[in-house]
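I have placed the structure first, in the form of structure tokens, so that the comments after it can refer back to it.
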Amino acid sequence: MTTTSTPMRSFAQAASAEEIVVPSRVVQIDGLVALKIIKHCKECMPALVTGQLLGLDIGSILEVTNCFPFPSRGGEEEDEVEADGANYQLEMMRCLREVNVDNNTVGWYQSTYMGSFQTVELIETFLNYQENIKRCVCIIYDPLRSGQGVLALKALKLSDSFMELYRTQVFIGEKLREKNMTWKDIFEEIPVKISNSVLVSALMTELESDAPASQCDFDRLVLSTNPFMEKNLEFLIECMDDLSMEQQKFQYYYRNLSRQQVQQQSWLQKRRAENAARRLSGEELLPEEDPSNPIFKTLPEPSRLDSYLITNQIANYCGQVNGFAGQSLSKMYLMDAFHQD
Amino acid sequence: MESRFWTHQVSSDTESDEDDHSEVEEEAPIGGEGGAGGAGSKYLTQANLSDSDESDEKQRVVRSAKDKRFEEMASTTEQMKNQMKINDWVQLQESFDRLNKQLEKVIRVTESDTAPRLYIKALVILEDFLTEALANKEAKKKMSSSNAKALNYMKQKLKKNNKLYEVEIEKFRANPESEEDEEGEDDDDEDLDSGGDFSDEEPVTIAGGYSDSDEEGEEGEEDGEGGWETKRSKKDSMMDKQFKRDPSEISWDMVDKKLKEIIAARGRKGTDRAEQVEQLSYLARVAKTPAQKLEVMVHVVSAQFDVNPSLNTHMPIPVWKKCVQNVMIILDILAQYPNIIMDETSDVEMENETQKGADHDGPIHVWGNVVAFLERVDDELFKSLQCIDPHTKDYVERLRDEPLFMVLAQNVQRYVERSSDMKAAARVALRCVEHVYYKPQEVYEAMRKLAEIQARPDAAATETEAAADGDDDFEEEGKEVKLPGEVKGPPSFVVTPEIVPRRPSFPDLSRLLMDQLVSTIYKHGDERTKARAMLCDIYHHAISEEFHTARDLLLMSHLQDSVQHMDISTQILFNRAMAQLGLCAFRASLINEAHGCLSELYAGGRVKELLAQGVSQSRYHEKNPEQEKLERRRQMPFHMHINLELLEAVHLICAMLLEVPNMAANAHDIKRKVISKPFRRLLDINERQTFTGPPENVRDHVMAATRALGKGAWQKAVEVIQGLDVWKLLTRREFVLEMLKSKIQEEALRTYLFTYSSFYDSLSLDQLITMFELPEAHVHSIVSKMMIAEELHASWDQPTRSIVTHDVEPSRLQALAAQFAEKLTVLVESNERAFDARTGGGGLEGMSMGKRNKEGQDYANAAAGRRGGGDFSGGNRDRQGGYSGFNSGGGRSNYGGGRGGQNRGGRDNAGGSSYYRDQRSNQVGARNSNVGYQSTRYQDAYSSVGRTPYQIGSAASTGANRGAQADTSGRMVSLTHGGTRPSARF
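Sequence lines, in order, name chains Y and X. Numbered according to full-length UniProt numbering, the first sequence spans residues 1 to 341. Numbered according to full-length UniProt numbering, the second sequence spans residues 1 to 986.
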């Protein structure tokens, strides 16, 4: 493997990359890493798991050359688990450094279930990583979708503008408009490229069977559509519920707001009338603004973050359904044709 | 009047023998009438003058038993007077104490709480004397020490004592001379008293004005004690005298005059009603001409109705019986003398009409209304049955009087038919009908038998009965007949032979009687009478198992529509008829019909009230006593009740038989189609119970059966249902139970198929036959029916004798998609609301509007989706959504345009432009899906109809022009938005 050569090159390039900010990049994943991720995620399938990505950041390419899984969290006390997790991570890094393997953290991977990953937690974690590593990435693997013969591997990062906004923690409509940010602009997907070293490629060619189709190809031809669609719909329904809830929050807010405005108006009118009377009697005018008055306290606008995320999620599900339906239809036609023959 | 006597006695301190007195007076009883009238009136004025205020106290100062006390008191007073003269205060003091003691005794004896006038008088005198003595200081000084002491004591004591009697003393002082007056006046009185027997005989009636209500009560008491006896004896003796007297001396004039007097007293306070009846019946005996007798009898009957003053209690039964006899006599007279015409229009004042003798040819008009009497008699019978405790023997006894009433009614009917007053005949017929309609043939038979038994010893029995009841009526008549020599008018005037039959004639079948009566009513009755007769008819048909006739009658008469506008008692009758109809349908194994009849009755949970079979307590609105009284008056007598348990059992069983398969059919959303709400509620309650014990009441039984039936355990259901007690009330019990069993089997089969058919690929017919123990043809027909009605998605496979089911249940994915669509609508709706809130001020008001509109679209979508049923339906659907949005939007903008146009052109234009855009895009959609288009159009027409009034309402409520305008514009925008959105999204 090219383990020894890569760090040398990457160090040099990394140093130079720090000066030039390259906006779009490619995540280049080692074949072995991809397999490790897949293995880990698939083995613990119903549970969602995470792991650390190690690699190098070279210019516009982020190389992921190694990874290790985090121990899956049992149902034990959280503090302990967290402390254990952190210790394990440090220990692991130390060990890896000792055996002289890449131990530069570039992000983490996690498994997901039908693409339901757009959560606040993800954002939080990402920002945590971001603090230390300028260019971190999150790789999402969906084992269920992979069962259909697709490699559901995704590399995500948060958009810069969103991160900026998130740091201020204000997600009110005005700010969002100002930044010209829509729900699409939260996450950015980075293209994933899988690379193998020459040796591995050679080995693969050696190992390749004579069969014209692989298991993966067969998977692709599975005709069972219902479970997937059902799951998607279920998630969609859930999302709709959440979204409705968010909407209710807004309605409540607007109702309060309009009520407050009416109150303010009436208060102002009263104050003006009073002032007019005072002017007539030659007294000092009262100020037209009264910050101490509770009706002038601005009502906090509910955060838009959740609805943005939910919308994202919905878009994700819709995309999945869309894609799946297209594939399924063509499969059906295919089958139909076979039947006719 | 009485009081007057007593006053006079008090003041004179002599006890005149009143009885002797009156006896003497009786010498010239009626003969002196002419003078007595005038004298009486003179006397009256005097009495009023002198008595008015003091009568209260004086009235009972001296009564034979109390005389002694009064005498004592009087003597003490005398003593005191003497002592005053000699200024002996010591003695005076003693006398005063004694007087007080005596007062207590007197009060105890008289049982009144006011001090006698005598005492007050003494007090007054004493007080005057005391003030005089106190004023005279010199005399005071001269007094001996003991005397002075006594004076002081007296002063204090009297002051204290007099405070108690302040009012009386005041009164006395204000009117001290009344006593003196009396002395002179009393003599006059005595003269007057002896002048006419009337003043003595009817003191109460004539001087009725003087007494007030509480005195009346007291008087009543006294009557019980002693006064009444003397009076009664007086009266009797008077009667005796009259009887002894030559009847020839009684002239038509005398009777007429007296009659008028009695009638004048009618209804006044203090008139003894029972006595009036007696007097009148006496008069009837001595009446001169048939017409007069008739007239008097009419008044006797009215007076008898008066005997019971309260509306809530019934007439005493003996009085009722007598009353019936009297009405019979009236009918006798009317039958005997066809020239006598009785109607309400004849002038009461018309003098001397009744003087015309029996030989008079030409019509004689007498005032009166037999039909009204009959109705009143019926009411009283009804009322007495309401009041009497139905579990006593009295009630049964009372029920035996029904044939008596029927006789009367039949006679009256014959009479009115003779006088060709068909309206009245219809009324009478209705009364008869109302006594017959609720009787099944068996009960009717029993009544007929009873009537026959009553009639057989009839000749003798009724005669004697009548003789006994009629208060010597016949005796008297007989007496007079015995004296044929004395001619005082036609002898027949007194003897009224029993012309009208005294026994009822019932046809063999109650149906015949009903038909007979009802046809009269249909021919001649007014609206209400006809309606009631119709209801009775329906009821009767229902209890005689003729469901279809009854139903046809009900439907043809359109009574269901008009009954709401009728009086409450007719409504009750309607309810009763419906209940009976339901029971009839049930017996005829028409479950659906039975449920239809009964469900309305049970909808409100006020069955008791609706059938007037008891007052149900309502938790939510308290009834005031007035309403309660009214309701009590409407109650049905016990023997007419419809058994509520049976009714409830039938209702619930019907509901169960319909509802259990229904629930099984709509297992997905139970709320969709509810057949019987009360049943569902009961089931809910039952299911919520943590522990269900063995069934106790009807509900428990049915609920237990329901649960068993739902599980398919029909044997258990049958067992539970047949275990009900109420079935023994049915005549055809075996048949009904058998019917129930087969119904339950059928419904169990249906339920089973609904519930489990989706789990089978095929079902064997034989298996079903053995499972539900139904004949093959039956199972076959049920299953086929279900297939035809698309309740069961299956088909027959004849060779293998099995049912092959088709899986058409929506898959999970479809269900989810439906759910998702639902959620989406919610979201869209709230989105719109949010948008409204942003754009228009009135957004919140428009909320419900938008919602309604959305719903309309939904239905349209759903309808289209159901029809399309392919991949394309999705596409169609959006367009329809858009289209309907456009349509309503357009309608709305037209509407708002009028107002919005003048106020704010710019805004409206914006709305308008989007409207056109929508139109264009939607036209395409419309062309694409014709079916959907129609359905949406319908939908829109519907929703716009519903909407317009609302809009007007909201506009009116916002009031301010600005607000209204903002409102409409906001909504309009929202609608166009709704129109564009779906097409944009897909």
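Where a beta carbon is used, it is the ideal one built from N, C-alpha and C, also for glycine.
Against Leu-236/Y, the close residues of chain X are Phe-820, in the order they occur along the chain (beta-carbon pairs closer than 7 Å).
Measuring C-alpha to C-alpha distances from Pro-71/Y to each of Met-92/Y, Thr-105/Y and Ile-123/Y identifies Met-92/Y as the nearest. With respect to the C-alpha of Ser-762/X, the residue from Trp-367/X, Ser-599/X, Ser-795/X and Asn-686/X having the closest C-alpha is Ser-795/X.
Within the same chain, Thr-76 come within 7 Å of Arg-98/X by CB-CB distance, once the 5 residues on both sides are set aside.
Tyr-444/X sits away from Ser-505/X, with the two beta carbons spaced by 8 Å or more.
Any Cβ of chain Y closer than 8 Å to the Cβ of Asn-831/X would place that residue at the interface, and such an atom is present.
In the assembly as shown, Met-181/Y is a buried residue. Its beta-carbon has 16 or more other beta-carbons within 10 Å. The alpha-carbon of Ile-123/Y is positioned some 21 Å away from that of Gly-55/Y.
Only residues of its own chain outside the window of five on either side were considered, and among them Gln-28, Gly-55 and Leu-56 have a CB closer than 6 Å to the CB of Glu-63/Y, listed in chain order. Here Pro-69/Y carries a strand assignment [DSSP, helix/strand/coil]. Taken through DSSP and simplified to helix, strand or coil, Lys-393/X comes out as helix.
Here Phe-117/Y is actually not in contact with Leu-158/Y; their C-beta atoms are around 13 Å apart, not less than 8 Å. Taking the Cα of Val-167/X as reference, the smallest distance to any Cα among Ile-120/X, Val-106/X, Ala-148/X and Leu-611/X is reached at Ile-120/X. Per DSSP, reduced to three states, the secondary structure at Phe-117/Y is coil, with no helix or strand assignment. Secondary structure of Cys-387/X (DSSP, three-state): helix.
Between Tyr-113/Y and chain X, the shortest Cβ-Cβ separation is not below 8 Å.
Residue ranges of uninterrupted alpha helix (DSSP H) with 4 or more members, entirely inside the region 521-554 of chain X and ordered along the chain, are 527-543. Contact of Asn-226/Y with chain X by beta-carbon distance below 8 Å involves Ser-811, Arg-812 and Leu-813.
Closest by C-alpha distance to Ala-148/X, out of Asp-88/X, Gly-525/X and Phe-574/X, is Asp-88/X.
If you compare the alpha carbons of Leu-156/Y, Lys-154/Y, Glu-178/Y and Leu-153/Y with that of Leu-165/Y, the shortest gap goes to Glu-178/Y.
Against chain X, the CB of Gln-248/Y has a partner CB under 8 Å away; the residue lies at that interface. The beta-carbon separation of Glu-773/X and Gln-745/X, rounded to 6 Å, stays under the 8 Å limit for a contact.
Distance from the CA of Ala-664/X to the CA of Glu-747/X, rounded to the nearest whole angstrom, comes to 11 Å. Cβ contact annotation for Ile-572/X (same chain, cutoff 6 Å, sequence separation greater than five): Ala-612, in chain order. Spatial neighbours of Val-319/X in its own chain (CB-CB distance under 7 Å, excluding positions within 5 residues in sequence) are listed in chain order as Gln-304 and Val-307. Judged by beta-carbon spacing, Gln-279/X lies beyond the 8 Å limit of Val-255/X, meaning their Cβ atoms are not closer than that value. For Pro-363/X, the number of other beta carbons within 10 angstroms of its own is below 16, and it is reported as exposed. Sixteen is the threshold: when 16 or more other Cβ atoms of the shown chains lie within 10 Å of the Cβ of Arg-532/X, as they do, the residue is buried. Around the beta-carbon of Ser-214/Y, fewer than 16 other beta-carbon atoms lie within 10 Å, marking it exposed.
Scanning Val-615/X, Leu-517/X and Gln-102/X for the CA closest to the CA of Lys-68/X turns up Gln-102/X. Where Leu-158/Y is concerned, the enclosing beta strand (DSSP E) starts and stops at 153-158.
Between the C-alpha atoms of Met-332/Y and Ser-830/X there is a straight-line separation of about 38 Å.
As the crow flies, the alpha-carbon of Arg-25/Y is around 16 Å from that of Leu-153/Y. Not one beta carbon of chain X lies nearer than 8 Å to the beta carbon of Ser-307/Y.
Cβ neighbours of Val-301/X within its own chain (closer than 8 Å, five residues either side excluded): Cys-323, Asn-326, Val-327, Ile-330 and Phe-373.
Around the Cβ of Gly-723/X, a 10 Å sphere holds fewer than 16 other Cβ atoms; the residue is exposed.
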